[in-house]
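Mapped onto this note's numbering, the consecutive letters of the sequence shown carry residue numbers 51 to 494.
Scroll down for the structure; my scribbles are underneath it.
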Amino acid sequence: MTRTNWGSETWAESGSTRTVYRPRAVRGEQMTPTATDDERAVVEAHLRRLDPGACAALVADLWAERGYDAVREGTVVTATRSGETLAIRVGGRRGDAAEADVLVSLDGSGTAPEGVRVLDAADLTERLWYAVDRSVARELCERHLGAPPADLRPPLGMRVRHHLSSGPSPAVAALALVAVVAVVGAVAVGMPGGSDVAAPPGSGAPAADDVTRTPWEARLPPGITSEGIEDLDVLAAAHRRAAADRPLTIWVDREEPTYDDGWRLTTLDFDLRSNGEEYTVAVSEGPRDNRTRLGTLYHDGTNSYVKVANRGEPSYRQLSPSEQERGTVPTPPRLSLELVTKYLSTPTTEMTGTVERDGRTLYRLVGTGQPASRSLDGVENYTVTAEVGTDGLVYNLRASYDIVENERRYRKTDEVTYARLDATTVTAPAWYERRFAGEPTPTG
51 MTRTNWGSET WAESGSTRTV YRPRAVRGEQ MTPTATDDER AVVEAHLRRL
101 DPGACAALVA DLWAERGYDA VREGTVVTAT RSGETLAIRV GGRRGDAAEA
151 DVLVSLDGSG TAPEGVRVLD AADLTERLWY AVDRSVAREL CERHLGAPPA
201 DLRPPLGMRV RHHLSSGPSP AVAALALVAV VAVVGAVAVG MPGGSDVAAP
251 PGSGAPAADD VTRTPWEARL PPGITSEGIE DLDVLAAAHR RAAADRPLTI
301 WVDREEPTYD DGWRLTTLDF DLRSNGEEYT VAVSEGPRDN RTRLGTLYHD
351 GTNSYVKVAN RGEPSYRQLS PSEQERGTVP TPPRLSLELV TKYLSTPTTE
401 MTGTVERDGR TLYRLVGTGQ PASRSLDGVE NYTVTAEVGT DGLVYNLRAS
451 YDIVENERRY RKTDEVTYAR LDATTVTAPA WYERRFAGEP TPTG
């Protein structure tokens, strides 16, 4: 067994190498690494060049520096802290990520099953910048990338772009671009955007006047301290586990700009019911007292089917696998994955107290500032309030923010409420039984 100055232990186990990374006993004051946008872009570019094994080693070191006990076996990292465990897989096929909480795909092209979060090189760069001490970030870059951020050599494409931005002659610019194309080739990298799933809770939205400010005697939810969210990944994994494979109902309300004799905000209501395998999603439009049903989705555990109102006449269809993957209708697995990482990824959060709901003690969080989620890029005046159980389940969430659409500014509110846990039943809709059990023409 050998010990390195990075707090790791390596030994042979059943013919494979298993490495344990432990947090340092002494950590300095946490500071945000200061660097230019160019340095961050260079770090991200170097991260993209790592092979899966080298990336897994960096991930293990990075999570260890964030306070975890991290064990790396090949390209799988198991990170544990305060009894909570994250399974992180680097690369691999879609099926390999089924048992993971996080999939690291450096180029952003990897796909994962619903409920598994995908991190790319930009996400790892963010964690180097904001999740560890400045000196540690430099050491991690030097150890795994070959030099501190300020000393890393930009890739050829970045050097050419920087040279062009300083104003070369047209002839020089043309030659440089030809050189880049010749060396690098024409590569198009697709970055999967976060699906704009469901928004937050309406009827159970947190209310400020029933918050109790108490000493923190009960067990705090995973990833949360008495000051706010300490580790978003841990909280996201805990929420996913708490909501997985159990009967529950989720109510989602979100507002979208629509055009109907002028632009206005329209409320979309999603009523999700799941028994852990099957689920239904009923989609309606309009205010609470006058909603119009737009359609229904039924998932039988494997395939999804939809009934959609089409000019007064219903239409029926089975969704293809790619349509299920890309669908914008919120589903229980997708909400389990995205609710925390989308809405609670604000730069600051505060624990403001506890509330008692249905015999449960819930911890109330308030977050402000621009969320890190790509699907919320460009929003302004963002505020989110959430109530979290001791198991990490986010029972109620309400996010409000300004958007600009079609040269108009709107104040949007998204709400999500989890309810009827372990008391929800799901049955196949009658239209599914008629249409997809062989009856030629369903009637309603």
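The beta carbon of each residue, even a glycine, is placed where N, CA and C say it ideally should be.
Apart from the five residues on each side of it in sequence, which residues of its chain come closer than 7 Å, Cβ to Cβ, to Gly345?
For the purposes of this step, residue 345 is taken as residue 295 along the sequence shown, with counting starting at 1. Same-chain partners within the cutoff: Val333, Val356, Lys357, Val358 and Ala359.
If you compare alpha carbons, which of Glu176, Asp283 and Glu115 is closest to Val93?
Here residue 93 refers to the residue found at position 43 when the sequence shown is read from its first residue. Ranking Glu176, Asp283 and Glu115 by Cα distance to Val93 puts Glu176 first.
By Cβ distance, which residues of its chain are closer than 7 Å to Glu457, with the 5 residues on each side in sequence left out?
Here residue 457 is taken as the residue at index 407 of the sequence shown, counted from 1. Cβ neighbours of Glu457 beyond the five flanking positions: none.
What residues in its chain sit with their C-beta under 8 Å from that of Ala293, if we drop five residues either side in the sequence?
As a first step, residue 293 is located in the sequence shown; it is residue number 243 there, counting from the start. Contacts found: Pro382, Leu385, Ser386, Leu443 and Tyr468.
Check this for me: beta carbons of Met421 and Thr396, under 7 Å apart or not?
The count along the sequence shown starts at 1 and reaches residue 421 at position 371. The count along the sequence shown starts at 1 and reaches residue 396 at position 346. The question names Met, but residue 421 in the sequence shown is Pro. In this structure, Thr396 lies closer than 7 Å to Pro421 by Cβ.
Please classify Ser324 as buried or exposed, where buried requires at least 16 other C-beta atoms within 10 Å of its C-beta.
As a working note, residue 324 is residue 274 in the sequence shown. Buried, because 16 or more other Cβ atoms sit within 10 Å of the Cβ of Ser324.
Any idea if Ala248 is buried or exposed, counting beta-carbon neighbours within 10 angstroms, 16 or more meaning buried?
As a working mapping, residue 248 is identified with position 198 in the sequence shown. Residue placement at Ala248 is poorly supported in this model, since its pLDDT is 36, which falls under 50; the coordinates still yield a value, given next. The residue is buried, with at least 16 neighbouring Cβ atoms inside 10 Å.
Please confirm whether Gly273 and Met401 have their CB atoms less than 7 Å apart.
As a position in the sequence shown, residue 273 is number 223, starting the count at 1. As a position in the sequence shown, residue 401 is number 351, starting the count at 1. Their beta carbons are not under 7 Å apart, which means Gly273 does not touch Met401 by this criterion.
Give the straight-line distance between the Cα atoms of Pro204 and Arg414, rounded to the nearest whole angstrom.
Stepping through the sequence shown from its first residue, residue 204 is reached at position 154. Stepping through the sequence shown from its first residue, residue 414 is reached at position 364. So the two alpha carbons sit approximately 44 Å from each other.
Along the chain, where does the beta strand (DSSP E) that runs through Tyr432 open and close?
Locating residue 432 in the sequence shown gives position 382, where the first residue counts as 1. Start and end: Glu430 to Val438.
Applying the 10 Å Cβ sphere with the 16-neighbour rule, what's the burial state of Pro371?
Walking along the sequence shown from the start, residue 371 turns up at place 321. That one is exposed.
Is the CB-CB distance between Val140 and Ala172 below 7 Å?
Numbered from its first residue, the sequence shown carries residue 140 at position 90. Numbered from its first residue, the sequence shown carries residue 172 at position 122. No, these two residues do not count as a Cβ contact at 7 Å.
Between the alpha carbons of Asp151 and Thr435, how many angstroms are there, rounded?
Counted from its first residue, the sequence shown places residue 151 at position 101. Counted from its first residue, the sequence shown places residue 435 at position 385. When rounded, the distance between both Cα atoms is 24 Å.
Which residue's Cα is closest to the Cα of Leu447: Ala120, Asp472, Asp408 and Arg304?
Sequence index remark: in the sequence shown, residue 447 carries index 397 (1-based). Closest by alpha carbon: Arg304.
What does the Cβ neighbour count give for Ala480, buried or exposed, with the cut at 16 atoms within 10 Å?
To locate residue 480, count along the sequence shown from 1; it is residue 430. Ala480 is exposed by the Cβ-count criterion.
Under 7 Å between the Cβ atoms of Glu373 and Gly351?
In the sequence shown, counting from the first residue as 1, residue 373 sits at position 323. In the sequence shown, counting from the first residue as 1, residue 351 sits at position 301. Not closer than 7 Å, so no.
Extract the residue ranges of the alpha helix (DSSP H) inside the segment 95-163, only unbroken runs of 4 or more that lie entirely within it.
Fully enclosed alpha helix (DSSP H) runs of 4 or longer: 102-115.
Is Leu318 near Val331, with beta carbons less than 7 Å apart?
Here residue 318 corresponds to residue number 268 of the sequence shown, with the count starting at 1. Here residue 331 corresponds to residue number 281 of the sequence shown, with the count starting at 1. No. Outside cutoff.
How long is the line joining the alpha carbons of Ile138 and Val154, rounded to whole angstroms?
The sequence position of residue 138 within the sequence shown is 88, counting from 1. The sequence position of residue 154 within the sequence shown is 104, counting from 1. Approximately 7 Å, taken between the alpha carbons.
Helix, strand or coil, according to DSSP, for Ala332 in the structure here?
Numbered from its first residue, the sequence shown carries residue 332 at position 282. Residue state, collapsed to three classes: strand.
Mapping the DSSP letters down to three states, classify Arg175 as helix, strand or coil.
The residue labelled residue 175 in the question sits at position 125 within the sequence shown. Arg is not the amino acid found at residue 175; the sequence shown has Thr there. In the structure shown, Thr175 sits in a helix (DSSP, three-state: H, G or I).
Go through its chain and collect everything with a Cβ distance to Leu471's Cβ below 6 Å, but skip five positions before and after it.
As a first step, residue 471 must be located in the sequence shown, where it is residue number 421. These residues qualify, in order along the chain: Leu298.
Taking the beta strand (DSSP E) that Ser395 belongs to, which residues open and close that run?
Reading the sequence shown from its first residue, position 345 is the one you call residue 395. No beta strand (DSSP E) holds Ser395; DSSP gives it neither H nor E.
Tell me the rounded alpha-carbon separation between Glu430 and Glu437.
In the sequence shown, counting from the first residue as 1, residue 430 sits at position 380. In the sequence shown, counting from the first residue as 1, residue 437 sits at position 387. Their backbone Cα atoms lie some 23 Å apart in a straight line.
Quick one: grab the DSSP three-state call for Arg211.
In the sequence shown, residue 211 corresponds to position 161, counting from 1. Note on Arg211: pLDDT 42, under 50, position unreliable in the model; the coordinate value appears next. The answer is helix: DSSP assigns Arg211 an H, G or I state.
If I measure Cβ to Cβ from Val476 and keep anything under 8 Å in the same chain, skipping five residues before and after, which residues do I get?
Mapped onto the sequence shown, residue 476 falls at position 426. Pro297, Arg323, Ser324, Asn325, Glu328, Tyr329 and Thr330.
According to DSSP, simplified to helix, strand and coil, what is Ser370?
Residue 370 sits at position 320 when you count from the first residue of the sequence shown. Here Ser370 sits in coil by DSSP.
Could you give the residue range of the alpha helix (DSSP H) that holds Val358?
Position 308 of the sequence shown, counting from 1, holds the residue named residue 358. Element bounds for Val358: not the alpha helix (DSSP H) but the beta strand (DSSP E), Ser354 to Asn360.
Bridge partners for Thr402 per DSSP, in chain order?
Start at 1 with the first residue of the sequence shown, and residue 402 comes out as number 352. DSSP lists no partner for Thr402.
Report the partner residues of Thr477 according to the DSSP bridge assignment.
The sequence position of residue 477 within the sequence shown is 427, counting from 1. According to DSSP, Thr477 bridges with nothing at all.
Whole angstroms is fine: what's the gap from Thr474's alpha carbon to Leu412's?
In the sequence shown, the residue the question calls residue 474 occupies position 424. In the sequence shown, the residue the question calls residue 412 occupies position 362. In a straight line, the C-alpha of Thr474 is about 21 Å away from that of Leu412.
Hey, could you find the ends of the beta strand (DSSP E) Ala181 is sitting in?
Counting from 1 along the sequence shown, the entry for residue 181 is found at position 131. Counting along the chain, Ala181 falls outside any beta strand (DSSP E), and DSSP gives it neither H nor E.
DSSP state of Glu465, grouped into three classes?
Position 415 of the sequence shown, counting from 1, holds the residue named residue 465. Looking at Glu465 - three-state DSSP - the assignment turns out to be strand.
Count the other C-beta atoms from every protein chain shown that fall within 10 angstroms of the C-beta of Arg290, then say buried if there are 16 or more, exposed otherwise.
Taking the sequence shown and counting its residues from 1, one reaches residue 290 at position 240. The residue is buried, with at least 16 neighbouring Cβ atoms inside 10 Å.
Do Ala129 and Trp113 have their beta-carbon atoms positioned less than 7 Å apart in this structure?
Position 63 of the sequence shown, counted from the start, is the residue given in the question as residue 113. Position 79 of the sequence shown, counted from the start, is the residue given in the question as residue 129. The answer is yes: Cβ separation under 7 Å.
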